[in-house]
Every structure is written in structure tokens, then in C-alpha cells.
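Chains as they are written, first to last, in my numbering: chain A, 1 to 463; chain E, 1001 to 1463; chain W, 2001 to 2141; chain Y, 3001 to 3141.
Cβ coordinates follow ideal geometry from the N, Cα and C atoms, glycine included.
Structure record follows, encoded as C-alpha cells.
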Amino acid sequence: MSAEMTGFAYLIASVLFILALRGLSSPDTARMGSRYGIIGMTIAVGTTLLDPSVVSFELIMLGILIGGTIGTVVARKIEMTALPQLVAAFHSLVGLAAVFVATAAFYNPEAYGIGERGDIKIASVIEMSLGLAIGAITFSGSIIAFAKLQGLMSGNPITFPMQHLVNGLIGLAIVVFVIMLTSVQSAGVFWTLAALSFAIGFLLIIPIGGADMPVVVSMLNSYSGWAACGIGFTLANPALIVTGALVGSSGAILSYIMCKGMNRSMISVLLGGFGGDPGKSVNVSMLNQNAKSGAADDAAFLMRNASKVIIVPGYGMAVAQAQHAVREMADLLKAEGVDVSYAIHPVAGRMPGHMNVLMAEANVPYDEVFEMEEINHEFSTADVAYVIGANDTTNPVAKTDPSSPIAGMPILDVDKSGTILFVKRSLSPGYAGVDNPLFYADNTMMLFGDAKIMTEKIAQALA
Amino acid sequence: MSAEMTGFAYLIASVLFILALRGLSSPDTARMGSRYGIIGMTIAVGTTLLDPSVVSFELIMLGILIGGTIGTVVARKIEMTALPQLVAAFHSLVGLAAVFVATAAFYNPEAYGIGERGDIKIASVIEMSLGLAIGAITFSGSIIAFAKLQGLMSGNPITFPMQHLVNGLIGLAIVVFVIMLTSVQSAGVFWTLAALSFAIGFLLIIPIGGADMPVVVSMLNSYSGWAACGIGFTLANPALIVTGALVGSSGAILSYIMCKGMNRSMISVLLGGFGGDPGKSVNVSMLNQNAKSGAADDAAFLMRNASKVIIVPGYGMAVAQAQHAVREMADLLKAEGVDVSYAIHPVAGRMPGHMNVLMAEANVPYDEVFEMEEINHEFSTADVAYVIGANDTTNPVAKTDPSSPIAGMPILDVDKSGTILFVKRSLSPGYAGVDNPLFYADNTMMLFGDAKIMTEKIAQALA
Amino acid sequence: MDMDVTSLQDQASKVATDAANLFEEAQKLANQATHLADMAVAGVDGSMDFLSLFTVFVLSCFVGFYVVWSVTPALHSPLMAVTNAISSVIIVGGLLAAGHMDMDFSAVMGFMAVTLASVNIFGGFIVTQRMLVMYKKKNRG
Amino acid sequence: MDMDVTSLQDQASKVATDAANLFEEAQKLANQATHLADMAVAGVDGSMDFLSLFTVFVLSCFVGFYVVWSVTPALHSPLMAVTNAISSVIIVGGLLAAGHMDMDFSAVMGFMAVTLASVNIFGGFIVTQRMLVMYKKKNRG
Ligand SMILES: NC(=O)c1ccc[n+]([C@@H]2O[C@H](COP(=O)([O-])OP(=O)(O)OC[C@H]3O[C@@H](n4cnc5c(N)ncnc54)[C@H](OP(=O)(O)O)[C@@H]3O)[C@@H](O)[C@H]2O)c1
Ligand SMILES: NC(=O)c1ccc[n+]([C@@H]2O[C@H](COP(=O)([O-])OP(=O)(O)OC[C@H]3O[C@@H](n4cnc5c(N)ncnc54)[C@H](OP(=O)(O)O)[C@@H]3O)[C@@H](O)[C@H]2O)c1
């Protein structure tokens, strides 16, 4: 394969990656898109294997075999509700792989044509160390994110005195070591740089609360993209650069969307200290108020006689794995001639598009599922809003109290509908720790209990 | 300026051009965008002037002075209604400029570093001759388009026997000469290629009716972009390639939008023979039917007592230059508490966005002007639809008669509104030559007369 | 002996000439190679190779696709005008020819290209600006 | 005369040696130049220079921006999964190191990179596919 041909092959792979993301603009084209992605990856790997400098294939085959098997098994076994931590875990692997590639390049620059051991081209050293540093940060950061999401460590923000000063100093040291590495290409400098980067990744993420992890995961996704770009510059490989830029933009845009959906700034998320374990900061003062509570039969009666019901799923539905039960309930209602649709808040659940995947998993056709802007004006014509495991995303305090932590966050206008049914286990607040005055509204009925069990009971009453 | 620096400067220019188009995503950012475009062009020109091979500046200064003066004067003087032909004229210049650049490269390849006279690199010859051929086609095609739009020649399709065969043969000859030029780099071959390309541009456009010219202009816009790409490959200049691709996509997408708006295929437009001078093919059979006609006073009375009026402008309003009169009439209606808005069909007028520019020229705020999809469902709640110089874009035949030339074209649902007022000079059809049954509908009142004069009369009656 | 000397002299001069020839040839070769290297290096630093240009082209088509579809329909007329203006960036090609040392046919062609492209650049941007200033939001009469 | 001959012979041989030396030098020069040209040409055909890569980078950021904003919010989770998978294209770097001749530290690093990236590629694409097959249009129970 001539050098020109190789270049074209990488270009084709890049285009296929672009098309893979482009396919996601609609559920109809998405599967085709992901097939493009697979073909693109095959071409990229195949082209590299045909590179004349690649002569021994044992290690490669072994690596692909081991990695492929693990990846396949994990991906098949994983529950859809565990997606956030899965993505975090996968990111950590990309980060670590980038570190390994940078190390390989440092110890054997000839293999990459970027100079000789101890005498690597300056530009390549800079690109390589960027790849190393970003990769290491991605790795340790994602590990923490994974641990917090998986419940392996407390989701509470861990803060210590002079945190920002320490982080700043380490950041400065990383810059210094990158510069040093351009002249003194010793293993010592290299590994110190790696260690510092691992450390800062760790330190940057521990002060961030567990509930802010989705933003962090997305941000680290973005980092892993830029790390790929760095490695791409080192290898002078456009496919890596294009892909890195795609992934980098994707992560950045998703973080932006989440921050906007919560009406918080990226800075405030990154500075940390917000959003520990939910339920810790319950404001009990309101618990004395009267919240009407009802039973499954009441709910069934109300919904059966409604002409239009809007279902509002939230994080609690994901935790309870209630999506299938919800679908069955909706089917029964539809059989009675009730018009049922779903309203998805942009930050419902714990990752972007979380609720959409769960609804899709439960076989809810995606044209019954609406984004907030599409359906918000319809609550006024709905007889019942069935809010299941959602809380912050319906909290009118966001509109009324400018001092609240969720002030300015756009919300679903469930309060406009005839009756509001809230399925949750208690009156405790959601992720943001803010009480929801809607629980005490005249047209609200609380359905206390686990989301799945309660929904199943209602379905039984309907059947 | 080092070679690297030059490259970066061109990259910056490219990015500025992208931002220039990006700005057009909203009227608020558009002016900033066009400023980016100007800066980008200045950088591109400035960078080239700093090129060490550019040593004499007299000709350059003279050229910019002459060209700049002409361009400025023309652009300041031109009426907004003459935009379509202006754009066509400008395209012809880009095409001719591309021809000149290709010629310069052919006679003095050293200046471009692509080889020596008579011994130019093969790749460069191909790129150069593509630039030449596309440029020449753009030139002669745009000249014809200009002549038809400006009324210098009849808009009727000019067809002759075996047209497609002749065109096919010339096309083939062009390919042959391009290949020949790679080995025999003689002036003879070069100029024959140029002549053939001029000829085919001419022959391709004359069979296309005057009313299809907007699609043609857009398509030629696209061509001029690809010509710039060809020259960009010859000069190994990424700024030209990026810009060329932007312009090329823009023209292609606009042609696509127009074809879709008319529900015709690009092929049928290009094969020609459709859409001569409007009014030629009047089907008089329906003229006997009863069309109610009214006077300005009747219209004024109807609209004053309406609570919602939707104004539907079309090509006739542009011809009559009635936009300012319409605006004044709308102001008077608003003063009476009538809700006034404007509905713009995607192919109203004779070029994309034609009506929007005219409304903007008349100081109509752009948030009162709506695209078809935004406003189409509102006709059912409107008391009066004031259709001024529009015809095809309101013709329900598009929905009812599958054999009609406008079958399947999306239309504005003016027939849903309480009363339809049609301002036009006669019952003759519009551009597509199809009679409009709405003229004879019960709730239609025809206001025969020039669009501007009639609207002014109504305004007087309202004042 | 005399003959010997003469033949020796002949031989020596022949060897010398041969050597000189060889040297010349070698020098030519070296020059050529240097020239090639120069050109190639110029290719590396200054202008791009075909593959890079092609990659740029493909990516630009994507950018063009997205950026143009994101233009609001109300601004399609300014879009036509502004693309008209920026497509005249081929003035760059004209400048190179018109600014070249010798005043030949090619320079004249360059001059004409510069003139035509300038009409377009000035005309295109001014028409665009003229249109855009007209788009206003709230009513101001 | 004898001396003349000897000196002549000496001179001739000296000239010849000089010529030979010169030739050798010239050849060396030519070789060097050719080598340079080769390297530069390799740069031109095979891998891209920094400027090209940077141009590609900038354009890709634009493409990324547009392509990601055009993703429907309902598919943001699959988007995260698929970007995860494709970012593992850095496996390319691992392959180069792992497939190199000698089995050294760097090859081990390469092996590990290949393994980790493979987990991600297989895992990422499979999770994406698993999610995507769930999105269905009309109700089918
Ligand atoms: N989607 C994202 O990308 C993203 C990213 C970062 C942050 N966030 C944040 O996450 C929040 C999402 O809002 P949300 O309305 O979906 O959820 P939420 O406000 O966190 O409320 C979830 C509710 O579910 C209930 N719940 C928990 N387990 C349950 C079970 N097994 N059965 C029934 N109910 C259960 C909880 O109440 P009980 O304890 O009383 O049962 C809780 O109030 C927002 O504040 C958002 O800013 C989202
Ligand atoms: N916008 C584009 O990009 C584009 C491109 C290509 C083709 N087209 C085609 O152009 C047509 C545009 O539709 P349209 O509804 O805007 O126009 P139209 O169907 O062409 O009708 C224009 C009407 O205006 C009337 N008119 C002409 N001069 C007038 C004057 N001075 N005062 C009053 N009325 C006058 C004419 O009727 P009288 O003679 O009775 O007065 C004519 O029926 C479509 O068929 C479309 O496919 C548009």
C-alpha cells in the first residue's frame, strides 16, 4: 500500500466517523450511522496493519482478542441503567491507552518516525506530552467518576483546605515539566509528568459531587478526544485528528447542554462542592404541611377517566427500573382510549438522553416521546400528569425563587395540568436538595412507594 | 513572511469565510458575519501581496482600483428588485476571472511553481483545465442568464433539433481535450478547450426558460465555487479550496431548495424547455367563469374590520415595487388594532429569499415575516389573506391535480382564511402558466390593478 | 621514450578530462537532487501536497453543507451575494500572475483577473451590506 | 628527461587522484541531496506537515460542532457511547508500537494500548447498537 493510498484510507475512515455521528440526527438513520463507524474503525485498523513498519502480529492479535472479548462481554451484560458508569469506565480506558501510546512513542520514537530515543523532535515532544497529560487526567478523573457513580465511593464532594492553590501549583508544574521534556528527554521527567497528571485528574474530580458526575463524564469525554488529537499530531495521522475533534466537540457540547439544562455554569460545576448524595439536605420545615396522598386505585381511577395523560419520567424511574411497568400501564390506558405521551426534560435522569434510552428499551415508540420544548405547552390541556421519580425537573421554585440553587433552570409545567400524580418514596427532595412546593398543591396527589411497584399496582387496577 | 506563516494566514482567511456564512444563520449576527468576510478577503489578498514572487504592484493596484470602483458604483446604484440579474452578472465575472487565471498559469507556470512552459505537471494541468472549463461554462452560462433576466433576450426556451446530442458531443470533446492537454501542452489545444467550454455553457443555458433562471443562477454559483476549488488545487492554496467548497455547497443547496419548493427535479430544470415568458400560455377557458372583483374601498373596509390579516407577497409585488406601499398599509391596519403578519413561500418571487429582502427594504421588522411552515396553520384563523402579486404559490391545483406542472408543490393555504383578496392586473396565470381556481372561489375578491397603485389606494381609504 | 612521454601525457590529460567530466556530471546530479529536495521541502513547509489539499477539500464540503443549511431562509438572498463575493478569492491567482517580474501576456491575464475579481469583491460585499442593514427587528418606522 | 617523465607521471597520477577524490565527494553530495529529497518527498506523499494537520484540525472542529448539534437530544446517550468507541481510534498508535520488530518495553506498552482500546471499541460499538435497536417508531407491542 503506497503512502498516498494509506492517506486516502485514513481520510475515508474519518469521513465514515463523521457520517456515524451524522446518522444520530434521527433514530431512523442512527443504526446505519453506527455501522459506518464500525466500517471506519475497521479501515483505520486495517490500514495501520498494512503499514510496512508493522511486522509482528502476535501481540496485536492477542491484544485485540483479549480486549475484544472483555469489551463484548461487558457490553452485552450491562444494564441500561448503569450506562453512566459504563461510559465513565470506558473513558478511563481511552485515557490510559493514550498514556501507553505516549510512553511507547517516548521509548521507541523510531517506530513513529519522530526522531531517536532521547532526541525526539520538539514539536513531537510537545504533542506527545499533551497526549500523555490529557490521557492521564482523563484516566484518573474517569476512575473517580466511575467510583462515585457506581457507589464505590461516597458521592459527597471531598474538599480540603487550599485545594485550588494545590491544584494550581500542580497545573503549573505540569506546564514546567512539558517544557523541560523538550530539552531533557529523560525517563525521570517523563514519568514525573505522568504522575503529576494522574494526580491532578484525581484532585480535580474528588471535590465534585456525585450528582455532577454526568457533566464531568461528558467533559472527560471531550478530554479524551483532545488527547486523541494530540496523539494524531504526533503520528501525523489525520484520522486521529478528525476523530479527536469530533469527540472533543461532542463532549464539550453535551456538557454545555447539561449545564444549560441545570442553569449552572461550567465553572461552578468544576469548582466542585455541589450536589452530594441526594436526600442529605432535606429541609424538614415543610414536611409538616399537608400533602395529600393516595393509593394505586385512586390513580387508576383518575387516569382511566382522563382523556389526556402526560407521563414525566425522572431519575427515580431509572433507579427503580420501572420503565417496562410504565409502558404496560400506558398500553392499558391507551386501550381505554386515553391519549398518552411522554415529556422528557433535557436533564432528567443522570445523563443526557438517559430517559429516552430507557423508554426505548421498554419499547415505547420514539414518536410518543417529546422533548420539553415540544410538549410544555400541552400540560394545560392534559388531565393528568403522571410524574414518576422526577422532582427537580418539575419544581416551580426554579421560576419563583431566584436564590434557589435551581433558579432559572427551565422546568416542565406539570402544575398546569388538571391533576398531578407524584410517584416517589417520600417527600424528600431530588438531586439539587430543594423542596418541591408542588407536593403540597391542591391538585397534587402523592403516590408513595417504589416507582416500579406502584406503577405495577396501578396497571393491575386498570386491567 | 515565512511559508508557514503564509499558510496560517490563509487558514485564518478560510475560517473567517466560514464565519461569514455562519453569521447568516440569524439576521442579528449577519452583519458581523459579512464583516468577517471582508476581513478574510483582506487577509487573503494581503498575504498574497507579501509573497516573494509578487514584485511589481502597478498592474495590481490598477486592477483593484478599476475593479473596485466599478463594483462599488454598481452595487450602490442597483435596485433591490434587480438582484437576480446582478448576481448572475457577478457570477459571469468570477467565471471569466477563473479563465484568466488558468490562462496565466498556462503561459507562465513558473509564477505558480507548477512546472515550466509546455512542461507543466500533469496533476496541475488537470486541475488547471478543470478550472478553465468550469470557469468558461460559468461565464457564458451566466451571461445568458443575465440577458434573460434583464430582458435583453427573450425568456423563452430556445430549443433546436438534436440539442442533447450536440451538447453530449461537445462535453465528450471537452474531456478529450483535457486529456490531450496533459501530453500536448500547446496553445492550440488550450484555446480549443476554452472555446468548447464557452460554447457548452451557452448551449446548456439557452434552452432553459427565463423563469427557471434562478435555479440556473444558483447552479452557476455552485460551479463558480468548484472552479475556485480547481484553481485552489493548482495553486496548492487551502483558502481557495475551503472557499470554493463553501460556495459550491451553497449554490448546490440553494438550487436544491428551489427545486424542492417547486416540486421539480434538477434534471427537468436542466433539460430545459419549461417556463417561458409568463402569461403566454393563458388558458382562457376559465375566464368566462365569474370572478368577483372589488375596489380599493371594499378591501379597506374588509381589512379594517378584520382582527387578523396575513399578507402574502409574490413576484408581482417585486415587479410593481409595491413593498413600501404594503408596509404603509400594514402600519395603518396595525394602528386600527389589526394583527398583521407576512407569509413567505420558499419560492415566492424569483430568487431565494427575494421577498424577505424586499420586506426588509421596506422596514418590515423581520419578526413579523414568517416562513411557510411557521404560518401555514394560521390561515384558518385569519379573517383576510391579502395576496399581492402572488399566484402559483397559492394555487390549490398543486394539491388537487397530479397532472399539473406544479403538482406536489407545497402551497400557502390562503383558501383557509375568511376572505382572500388577490391583487393582480388580470386573471392570467403566474410563472408556471397554470390557472388558479381560487380566483373564482366564493370567498375571493379580485382587486385588479397594479400592485403598488392598488395598495396605495387601499392605504388612502384606510387613512 | 619520447613516445612514452607523449602517450603518458595524453593518457594523463585524458584521465584528467574524464575526471573533470565525471565531476561535472556528479555536480549536475547533486544540483538536481538539491533542487528536488528544495522543491519537496517547499512542498512540506509552504504549500500542501495533494493528499492534504484533498482532505481539506472533503472536510470543507462537510462544513459547507452544515453552514449553508443553517442559514435562515430569510437570508438566502444575502447568502447568494456574499458567496459571490468570497468566491472571488481566486483573485489570489490573478495577483500572482500580475505581480510577477516580467510584463508578459500572463501578467496581462493576471491583471484582467484581478480587475474582474475586484468588481465582484467590492460589489458583492457592498450589496450584501446594503441588504443586511435593512433587516431590523422591532418596529421603528 | 627522466625526471621530467617521472614528474609528469607524478603530476598525472596526482591529477587523477584529485579527480577521483573530487568525484567521490561529488557523489557523496549527490547521495546526500538525494537522501534529503527522498525524505522530503516521503514527507510530501506519506505523512502530512504540521500546517496541513492544523488545517485539518480546525476544519474538523467546525464539522464536529455542526454534526454534534444536529444530533437529536433523544440520542444523546448513544452519542456518548459511540464517541467513546471512535475515540479509541488511538489504537492506531498502539498497533505501530506493538507491531514493531523488536519485542521491547515500547512493544509492551503498545500491546496494552491495543488491549484497552479494543475493550472500548468492541464495548462502545456493541452498547451503541444495543441502544439503537431499541428505538422503534410505530407501536408494535
Ligand atoms: N440528565 C443529566 O444529564 C443530568 C446531569 C447532571 C445532573 N442532573 C440532575 O439530575 C436531576 C434530574 O432531575 P429528575 O427530576 O429526573 O430527578 P431528581 O430531581 O433527582 O428526583 C428524583 C426523585 O426520584 C425519587 N426516587 C428515587 N428512587 C426512587 C424509587 N426507587 N422509586 C420511586 N422514586 C424514587 C426520589 O425521591 P424519593 O427519595 O422520595 O423516592 C427523588 O426525589 C436534575 O436536578 C438535574 O439537574 C441531570
Ligand atoms: N423564488 C425562487 O427562487 C423561484 C425560482 C424559480 C422559479 N420560481 C417560480 O416563481 C413563481 C413564484 O410564485 P409567485 O406566486 O411569487 O408569483 P407568480 O406565480 O409568478 O405570479 C405572479 C403574479 O403577479 C402578477 N403581477 C405581475 N406584475 C404585477 C404588477 N405590476 N402588479 C400586480 N400584479 C402583478 C401576475 O399576474 P398579472 O399578470 O395578472 O398581474 C402573476 O400572476 C413560482 O411558480 C416559482 O416556482 C421561483
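For the pair I1122/E and I1114/E, the CB atoms are not nearer than the 7 Å cut-off. Taking 8 Å as the upper bound for CB-CB distance, I388/A and M303/A are not in contact here, some 12 Å apart. Here the alpha carbons of E373/A and D415/A stand approximately 16 Å from one another. Look at A1385/E here: in three-state DSSP terms it is strand. Listed by position along chain W, the residues whose Cβ is nearer than 8 Å to that of C1229/E are F2057.
With the rule of 3 Cβ pairs closer than 8 Å, the stretch 217-224 of chain A counts as touching the stretch 141-158 of chain A. By the 16-neighbour rule on beta-carbons within 10 angstroms, S307/A is exposed.
Chain W places no beta carbon closer than 7 Å to that of S3106/Y, leaving this residue out of the contacts. These are the residues, in chain order, with a beta carbon less than 5 Å from any non-hydrogen atom of ligand 1: P214/A, M258/A, M262/A, G314/A, Y315/A, G316/A, V319/A, A320/A, V347/A, A348/A, G349/A, M351/A, P352/A, G389/A, A390/A, N391/A, D392/A, T393/A, K424/A, R425/A, S426/A, S428/A, G430/A, Y431/A, A432/A, D450/A and A451/A.
Relative to the Cα of S1129/E, the nearest Cα in the group Q1323/E, F1106/E and A1211/E belongs to F1106/E.
Secondary structure note for D28/A: its alpha helix (DSSP H) is the uninterrupted segment P27 to L49. The way I'd put it, the stretch 193-208 of chain A doesn't touch the stretch 3046-3064 of chain Y; fewer than three beta-carbon pairs between them come closer than 8 Å.
Contact annotation: the stretch 1318-1333 of chain E does not touch the stretch 2101-2110 of chain W, with fewer than three C-beta pairs closer than 8 Å. Rounded to whole angstroms, L1096/E and A2107/W show a C-alpha spacing of 16 Å. Against chain A, a Cβ distance below 7 Å from L2053/W picks out nothing, because the smallest value is about 11 Å. Within chain W, no residue has its beta carbon less than 7 Å from that of P52/A; the closest one is some 18 Å off. By a beta-carbon distance limit of 8 Å, V94/A contacts T138/A. Their separation comes to about 7 Å. Rounded to whole angstroms, L358/A and V384/A show a C-alpha spacing of 22 Å. Apart from the 5 residues on each side of it in sequence, F1146/E sits with its Cβ closer than 7 Å to the Cβ of Q1085, A1088, A1089 and S1092 in its chain, given in chain order. When the beta-carbon positions are compared, S249/A and T3072/Y stay at least 7 Å from each other.
Pairing I453/A with T6/A, the inter-Cα distance amounts to about 57 Å. For S3077/Y, the uninterrupted alpha helix (DSSP H) segment begins and ends at H3076 to S3087. Within the stretch 2056-2075 of chain W, V2056, L2059, S2060, F2062, V2063, Y2066, V2067 and S2070 place their CB atoms closer than 8 Å to a CB of chain Y, listed in sequence order. Identification of chain W residues near P157/A by a Cβ-Cβ cut-off of 8 Å yields none; the smallest Cβ-Cβ distance measures about 39 Å. Less than 7 Å separates the beta-carbon of V99/A from that of L132/A.
The beta carbon of Y223/A sits no closer than 7 Å to any beta carbon of chain Y. Out of V1101/E, S1293/E and Y1256/E, the CA that lies nearest to the CA of L1427/E is found in S1293/E. For the pair P1052/E and G2093/W, the Cα-to-Cα distance works out to about 14 Å. Contact with chain Y is absent for N376/A, since none of that chain's Cβ atoms lies less than 7 Å from the residue's Cβ. A distance of 7 Å or more separates the beta carbons of A1102/E and G2123/W.
When only Cα atoms are considered, V3133/Y and R31/A end up about 7 Å apart. Taking 8 Å as the upper bound on Cβ-Cβ separation, chain Y lies near residues P238, A239, L240, I241, V242, T243, G244, A245, L246, V247, G248, S249, S250, G251, I253, L254 and I257 of the stretch 238-271 of chain A. Using a C-beta cut-off of 8 Å, the stretch 1037-1047 of chain E makes contact with the stretch 2080-2093 of chain W, since at least three inter-stretch Cβ pairs fall below that distance. One Cα belongs to S2/A, the other to V54/A, and the distance between them is close to 14 Å. Taking the beta carbon of M351/A as reference, the chain Y residues within 9 Å of it are H3076, S3077 and M3080, listed in sequence order.
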